[in-house]
Amino acid sequence: MRRVLFVFLAVLSMTVASNSRVRAQTPTEPLFSRHVVPVFSKLGCNSGGCHGMVQGRGGLRLSLFGADPSLDHERLLKEVAGRRVNVLEPDASLFLLKAAGQVPHEGGQRTALGSSDYQILRNWVTAGAKLDPVAKSNVKRMVVTPASQTAKPKDRIALKAQVEFVDGSTEDVTNLCFFEVGNREVADVDVHGNVEVLGVGDTSIIVRYPGQVGMATLVVTPAKAAANFPVVQEHNFIDKHVLNRLKVLDVHPSELCDDATFLRRVTLDVSGALPTADEVRAFLVDTKADKRSRKIDELLSRPRHAALWATRFMDILRVTGFTPGTFPPNTYEEYRAYEWLRSRLLENVAYDDMVERILTATSRDGRSLDEWAAEAAADMKDEINRQQPKTYSARKSLDVFWKRRMTTDVDHAIRVGHAFLGLRLQCAQCHRHPNDVWPQEDLLNFANFFMRVPHFTTMAGPRNKADAEVVAALKTKAKDLPAKGLQAIPKHFGDREIFVIKNKDLAEKTKKAGSSFFSSGAKSTGFATVTSPLGTQSSRQMRFLGDSEAVTANDDPVDRRAFVMTWMRRPENPFFAKAIVNRVWAHYLGRGIIDPPDDLSPLNPPSHPELLQELSAGFIENKYDLRWLHRTILNSRTYQQSSMTNASNRHDRRNFASFAIRRLSAEVLLDAYNQVAGVDVLFGKDRVPPAMPSGISLLEGASIFYRGDSSTTFALNTFGRPERDVEVVCDCERDDQATMLQALYLANHPQARKKISASEGQLARILQRHASMDQRITEIFLATVSRPPTPNEMKITQTHVQKAVSPQVGCEILLWSLLNSNDFIFNR
Amino acid sequence: MKLHCQSFQQNVSRRAFLKLGGAGLFGLTFAEVLCAQANGRQPRARQAIFIFLAGGPPQQDMFDMKPDQPLEVRGPFRPIRSNVPGLDICEHLPRLSRCAHQYTVLRSVTSRGYPLAGDHHAGLAWKTGNPRALRGTPKYPMYGSVVAKLRSGPSDMPNFVAMGDVASMAQGLRENYLGPAYDPLYVEMGSRDPRQVDPLTQIIVPQGIAPAEFSRNAELVRSLDQQSRQLDAAGPVISGMDQFQQQAFDILRSPRLREALALDREPRQIRDRYLVEMQGYGRLNYTSRVLAARRLIEAGVPYVYVDFPYWDWHGGVAENNSAGMASLAGLDAALSALLEDLHVRGLLDTTLVMALGEMGRTPRMNRNGPAARDHWGACQFAIMAGGGVRAGQVVGATDAQAAYVRDAEYKVASLGKTMYHLLGIDPDTELHTTDNRPLKLITEDVPLIREVL
């Protein structure tokens with residue numbers, strides 16, 4: 000093995016010229032793979048926006064993030080007649096001239112003449128611009144020190160990055176790494192890894208070296224010890240963890256919120272509805288100490304709680320896209336899935352069982368062809384009779400999940416990873432994400448668990464004997480369907496059955512079925528394959544994410560998806576319980592303990608690791624009981640804090656020192672609007688799709704609302720209902736932004752405006768029931784913002800209402816105003 | 000570490016950024032504004048009108064005529080001279096022939112190599128400047144949404160107004176990675192389709208009350224909000240909503256937007272220049288959209304989208320009363336009047352006008368009738384005018400049958416890049432997708448169309 004000779008230069012004009020705190024050294028004989036490519040990465044040359052683009056940029060093409068040093072070397076030396084690298088006159092090398100901004104460069108000046116980066120590139124040219132044996136430079140591991148540190152503002156910390164290569168050699172690569180601070184209010188870092196501590200809080204610092212990424216974490220405590228931290232009552236272990244961190248940071252928590260605020264908040268968060276005026280009154284006069292806990296329990300048992308989470312799971316599972324290319328999509332399948340989920344949540348099925356019934360779903364659920372056909376036929380009848388999919392929702396497993404587009408092989412592994420593990424693996428299809436740990440191999444190995452679930456993607460009708468038997472069985476069982484329904488069976492049956500195929504039949508079957516039978520990957524080999532602009536990769540191994548050992552499975556007729564389920568259920572699984580715990584937490588607290596909540600990358604550390612650990616362990620101990628999880632969080636003091644901030648926690652976002660105000664989500668807000676107005680969704684011109692019961696609320700039906708042109712659709716889209724596009728791998732598709740159109744909708748949409756003065760609506764009832772204006776005003780406040788008016792509000796309102804042409808108009812104006820007020824639009 | 004645009008945005012999620020939006024300009028983060036503007040050059044164009052000729056307007060029957068070819072190629076129309084030497088255009092575009100010095104014809108911008116090129120879905124690329132497909136690619140936003148994000152006009156005007164359906168035949172276009180925040184405000188000018196005059200268009204007219212009364216009511220909202228604001232520190236989430244509500248209320252309080260859309264306020268002799276009556280076809284309402292677009296530009300709206308169908312001429316058009324002839328006459332009247340009016344009002348220099356379709360038409364006619372041609376992706380035309388565009392020229396050249404580009408071929412991305420450049424928006428500005436992937440406004444590495452600058 001060639002020993003690399005490093006001459007450490009203590010004093011050189013260039014190091015003096017650059018930052019005086021440079022600690023690592025510049026090799027005089029740099030290696031292309033270990034030094035030059037890292038410099039390209041550090042300077043951003045090979046990023047996706049520059050030369051790392053698939054087609055390159057400005058004529059030069061480098062492999063993305065330096066994934067292929069040999070190719071980079073070849074392009075650098077052989078293209079444009081060798082002008083890029085000039086061994087005889089290194090400073091005249093075009094790539095150096097460009098990087099140092101000596102000649103015009105679209106990407107600007109990336110480094111300075113004489114900087115250590117420049118010197119590495121130059122030294123490499125001087126030494127002959129050779130390509131070293133690349134394989135030896137693969138990194139085995141990277142160690143960043145100090146890995147975690149507690150510090151005070153104005154401290155300085157020198158990070159050091161050390162890598163061990165596969166050939167056993169090690170090197171300090173601090174100067175070759177790219178450093179990035181997660182939370183810039185807490186610290187800053189320079190190109191040499193010198194961290195400057197700025198403010199109190201915590202942050203991660205990502206350290207990147209090609210093919211590797213490491214992390215350091217930093218907690219910054221105030222310079223002076225906390226003296227007057229308020230005494231607050233912990234409700235449960237959640238508060239212990241949250242308060243411990245707040246004490247360390249000397250950030251004071253907000254007060255407990257008042258009863259009216261709590262009631263409105265918890266009713267919206269748990270059941271997606273407003274409390275009624277009567278409920279508010281009853282809650283306010285209740286004097287028992289446990290009234291909040293009792294309210295929580297009561298709300299968790301409401302059907303709307305199940306509806307709310309069925310909607311959330313529809314978002315997470317992205318149940319759309321059944322008939323590719325048709326618009327609008329087949330909404331009936333969505334409704335089936337929604338009703339199935341709602342039924343499970345109403346039963347409060349253990350979360351791991353629910354996931355198992357989704358993840359390992361088959362159409363027959365282990366039953367005979369006859370039994371299955373009977374169920375499918377009954378379900379078809381539901382559909383044709385425009386009833387709710389009650390047959391389907393009683394099924395054991397959710398095979399609709401597997402009937403979507405992109406539910407085979409690698410595509411599906413990505414979707415399973417996101418839905419149940421909170422991981423974003425999509426970048427690994429082409430390359431390793433610069434801020435994540437998954438190489439392509441991990442994705443492919445995981446995908447191999449999902450390679451044997453066939454499903455039809457055409458409606459071409461039966462193709463072989465087995466198919467014909469299925470059709471015959473369906474026809475027999477469905478013989479009392481109307482003729483039109485019967486005729487449709489051969490055409491649609493392909494959309495109906497999901498099954499697991501034996502391994503040895505795979506190749507044969509794929510060949511026979513042709514291209515429309517399976518989605519891409521499986522066609523040729525039956526093993527996970529990805530093809531991207533950066534090349535094709537395939538793997539035959541099965542391995543769980545984060546595991547080092549491969550799984551051996553001999554075979555048929557084992558459903559390999561069950562292995563994944565077993566792995567997920569291991570108590571030490573790093574993702575499965577945490578993913579749902581973190582999502583539920585984020586639902587209630589406005590931000591995840593890991594945030595974004597669906598990014599459980601090891602490089603996106605939790606703000607409160609011990610809290611996440613204890614909450615997840617408790618969830619598992621309580622047999623994956625979702626209601627336990629909801630109840631535990633809701634009963635915490637942390638959830639019940641006021642959104643009013645104090646001087647010390649005003650800027651805190653990460654430590655849950657106050658309640659995070661948020662806009663009501665699309666369905667909840669529009670349902671609340673209808674609830675206040677006292678009209679249902681069918682008001683006026685709106686209509687629900689034929690399969691839905693009339694008078695259904697949006698939360699209970701929005702999952703399948705026809706996505707065409709109607710004012711309800713407009714409203715849902717305006718407030719950010721997600722499309723649930725199968726291709727999007729992000730919870731953030733549900734949009735919580737505020738927009739001008741939302742304000743315009745609430746202020747002046749004709750449909751919304753009419754609801755306020757509807758003769759059968761709530762306002763009409765209030766006017767009829769209450770004669771005094773003060774009473775009317777109070778009732779309107781209770782109905783919209785779930786509290787009586789303050790004396791000041793009462794005064795302002797009275798003055799304004801008096802100016803109106805009639806009491807009725809005055810009350811309409813008040814109702815309109817409150818529906819446009821922040822107190823209505825936000826949960827606080 | 001130095002705070003350049005990219006590193007600043009990298010580690011912060013899209014939503015986190017947007018939530019901070021309240022602190023900046025209508026949900027637009029300060030860093031994004033700075034990054035977008037710092038790199039852009041001093042722009043001449045401040046506003047834009049995008050006229051989408053839905054369907055494929057035939058290049059060889061309009062702006063790239065080939066009179067020497069046999070009848071089945073050259074088609075039934077004859078060229079006439081324009082006032083720009085060397086540019087002959089269709090005899091049914093007489094008014095445009097007299098103002099050719101005000102626009103530039105691009106004959107060499109193509110969607111060749113893009114997903115769905117040569118089909119209606121290619122609108123996904125022509126309206127976004129990026130290789131967007133129905134599936135499998137990022138959901139690139141429309142130009143107008145990007146401009147709406149990076150620009151804002153007067154406080155009582157929306158940033159992006161659309162007339163007609165922005166998606167037309169490019170399904171799914173409304174969905175984009177910016178989310179609904181930068182969707183256009185749809186307004187409609189006397190459409191025949193009752194669905195389109197539905198609430199969406201009424202949303203800008205105070206419902207059931209006089210504007211003065213609306214203002215009073217808006218004050219009640221404000222004073223109630225202020226009451227509760229004293230109770231807790233208004234976070235960025237709330238102040239963001241407050242700003243949007245302010246804009247919405249301003250739009251409702253101010254008569255300007257409604258007046259801009261009240262076409263009957265336009266002097267008759269000016270309005271009539273935009274209108275076309277075709278015997279047996281009635282009045283073509285799309286042309287009034289162009290007039291409305293001009294009035295919206297005058298009122299300060301940064302970006303106006305006009306859907307101007309219908310150019311799907313598979314079935315023959317050259318009879319006097321057919322829809323196709325009406326479209327030709329309508330475009331001739333409306334576009335020429337628009338350019339003239341913008342010029343007279345001193346707005347042409349600061350308003351970029353573009354007109355294009357989603358594809359071209361086959362070199363040979365099919366058998367369905369005169370000028371009946373099918374879809375063709377390799378060649379089409381685009382019109383650019385105003386906003387600092389060097390007008391009165393032809394860019395690029397096609398072969399003898401207007402089938403393939405022979406000279407100065409540009410991709411759709413180049414057109415998009417040039418448009419942003421003219422508007423002073425750096426096309427390399429990075430925005431973040433829902434996957435938090437940084438993407439430049441124009442993702443491909445393409446040249447600007449230097450000829451028009």
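Keeping their order, the protein sequence lines are chains A and B.
Using numbering that gives the first Met the number 0, read the first sequence as starting at 0 and increasing by one per residue.
Using numbering that gives the first Met the number 0, read the second sequence as starting at 0 and increasing by one per residue.
All C-beta atoms in this analysis are idealised placements derived from N, C-alpha and C, irrespective of residue type, glycine included.
(message) Going by DSSP in three states, Ile900/A sits in which element: helix, strand or coil?
(response) In this structure chain A extends from 0 to 827, so residue 900/A is not present and cannot be described.
(request) For Ala506/A, I'd like the list of residues in its chain whose CB is within less than 7 Å of its CB, leaving aside the five on either flank, ordered along the chain. (result) Here Ala506/A scores only 49 on pLDDT, less than 50, and its place in the model is too uncertain to base an answer on.
(message) Would Ser144/B and Leu177/B be called neighbours here (beta carbons separated by less than 7 Å)?
(response) yes
(request) Please classify Pro252/A: is it buried, with 16 or more other beta-carbons within 10 angstroms of its beta-carbon, or exposed? (result) buried
(message) For Ala396/B, which residues in the same chain have their Cβ closer than 8 Å to its Cβ, ignoring the five residues on either side in sequence?
(response) Arg106, Ser107, Val404, Arg405, Asp406, Ala407
(message) To the nearest angstrom, how far is the alpha carbon of Gln201/B from that of Pro369/B?
(response) 41 Å
(message) Which residue wins for smallest C-alpha separation from Ile48/B, given the options Asp425/B, Leu95/B, Leu338/B, Leu223/B?
(response) Leu338/B
(message) Does the segment 112 to 124 of chain B come into contact with the segment 208 to 227 of chain B, if we say contact requires no fewer than three beta-carbon pairs (one atom in each stretch) closer than 8 Å?
(response) no
(message) Between which residues of its own chain and Ala150/A is the CB-CB distance below 7 Å, once the five residues before and five after are set aside?
(response) Ile156, Val196, Leu217, Val219
(request) Please name the residue, chosen from Cys49/A, Val470/A, Gly700/A, Asn122/A, that lies closest to Asn85/A on a Cα-to-Cα basis. (result) Asn122/A
(message) On the criterion of 16 or more Cβ atoms from any shown chain inside 10 Å, does Glu73/A qualify as buried, or is it exposed?
(response) exposed
(message) With the cut-off set at 7 Å, would you say Glu429/B and Lys416/B are in Cβ contact?
(response) no
(request) Under 7 Å between beta-carbons, which chain B residues line up against Thr789/A? List them in chain order, please. (result) Gln226
(request) Evaluate Asn243/A with the Cβ neighbour count: other Cβ atoms within 10 Å of its Cβ, from every protein chain shown; 16 or more gives buried, anything less gives exposed. (result) exposed
(message) Does the contact criterion of 3 or more C-beta pairs under 8 Å hold for the segment 346 to 357 of chain A versus the segment 616 to 631 of chain A?
(response) yes
(request) Locate the beta strand (DSSP E) running through Glu722/A, then write down its first and last residues. (result) Unbroken run through Glu722/A: none, as it is neither H nor E.
(request) Mind checking the segment 201 to 221 of chain B against chain A and listing, in chain order, the residues whose C-beta falls within less than 7 Å of any C-beta there? (result) Gln201, Ile202, Pro205, Gln206, Gly207, Asn216, Leu219, Val220
(message) Quick check on Thr266/A: does DSSP put it in helix, strand or coil?
(response) helix
(request) Put Cys176/A into one of helix, strand or coil per three-state DSSP. (result) coil
(message) If I measure Cβ to Cβ from Leu59/A and keep anything under 6 Å in the same chain, skipping five residues before and after, which residues do I get?
(response) His50
(message) Based on DSSP bridge pairs, tell me the residues matched to Cys89/B.
(response) Pro78/B
(request) With DSSP as the reference, label Ser820/A as helix, strand or coil. (result) coil
(message) Let me check understanding here. Comparing Cα to Cα, which of Phe713/A, Ser531/A, Ala585/A lies closest to Val409/A?
(response) Ser531/A
(request) Name the two residues that bound the continuous alpha helix (DSSP H) containing Ala98/A. (result) 93 to 98
(message) Would you say Val393/B lies against chain A (beta-carbon separation less than 7 Å)?
(response) no
(request) Please report how far the alpha carbon of Pro446/B lies from the alpha carbon of Ser413/B, in whole angstroms. (result) 6 Å
(message) Taking 7 Å as the threshold (beta carbon to beta carbon), is Cys729/A in contact with chain B?
(response) yes
(request) Note the first and the last residue of the continuous alpha helix (DSSP H) segment covering Asn137/A. (result) That residue, Asn137/A, is in no alpha helix (DSSP H); it is neither H nor E in DSSP.
(message) I'd like to know if Leu743/A contacts chain B, where contact means its C-beta is closer than 7 Å to some C-beta of that chain.
(response) yes
(message) For Gly100/A, would you say it is in contact with chain C, using Cβ-to-Cβ distances shorter than 7 Å as the test?
(response) Protein chains A and B are contained in the structure displayed, whereas chain C is not.
(message) Determine, for Asn716/A, whether the minimum Cβ-Cβ distance to residues of chain B falls below 7 Å.
(response) yes
(request) Could you check which residue in Leu442/A, Trp566/A, Lys577/A has the C-alpha nearest to that of Gln536/A? (result) Leu442/A
(request) Would you mind reading off the limits of the beta strand (DSSP E) that contains Gly271/A? (result) No beta strand (DSSP E) holds Gly271/A; DSSP gives it neither H nor E.
(request) Taking Ala121/B as part of the alpha helix (DSSP H), name the residues at either end of that continuous run. (result) No alpha helix (DSSP H) holds Ala121/B; DSSP gives it neither H nor E.
(request) List the residues of chain A that Thr433/B touches, going by C-beta distances under 8 Å, in chain order. (result) Val727, Cys729, Cys731, Glu732
(request) Mark Ala770/A as exposed unless 16 or more other C-beta atoms lie within 10 angstroms of its C-beta, in which case mark it buried. (result) exposed
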